[in-house]
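Numbering (the numbering used here), first residue to last: 2 to 150.
Note that beta-carbon positions come from the ideal geometry of N, C-alpha and C, so glycine has one too.
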């Protein structure tokens, strides 16, 4: 990256538990190469993709995890500025791409719910007119019309 952004984000409990389980809490870098050195950006992406291929998930990538995290945060209600802080984006437009998509999804769900307002799933609808107790249908018009011939 030409202009790297330093971000400070808290380590959530599930990640902290994973770090503690590996004994890596004393290290500054947690993901290292087979030589114990930090990955380059491209090197990590390639290594991660190789692991995805081994897991028979060739369509997955490290960037896909970043996108998934952005989507989950936006759908959970994170604002565009919160996403910028979390993911180190300098452009509001990048963050708004995720918040707009999340809002569109939320609005679609609300809109689809509007289609069902006033409709009762338990409402009974008669299939035909009721039959009188005598067992015969009553004529539609009980007064017979007289012909004018």
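Helix, strand or coil at residue 127 [DSSP, three-state]
In the structure shown, the three-state DSSP call for residue 127 is coil.
Under the rule that 16 or more other beta-carbon atoms within 10 Å means buried, what is residue 80, buried or exposed?
Residue 80 comes out exposed.
Taking the Cβ atom as the reference point for each residue, do residue 50 and residue 62 lie within a distance shorter than 9 Å?
Yes. Within cutoff.
Starting from the Cα of residue 76, find the closest Cα among 113, 100, 92 and give me that residue.
Measuring from the Cα of residue 76, the nearest candidate turns out to be 100.
Start and end of the alpha helix (DSSP H) containing residue 100?
93–115 is the extent of the alpha helix (DSSP H) around residue 100.
Using alpha carbons as the reference points, say which of 4, 73, 10, 35 lies closest to residue 102.
The shortest Cα separation from residue 102 among 4, 73, 10, 35 belongs to 73.
Is it a yes or a no for the region 80–97 touching the region 3–14, going by three-plus beta-carbon pairs under 8 Å?
By the C-beta criterion, the region 80–97 is judged to be in contact with the region 3–14, since at least 3 inter-stretch pairs fall below 8 Å.
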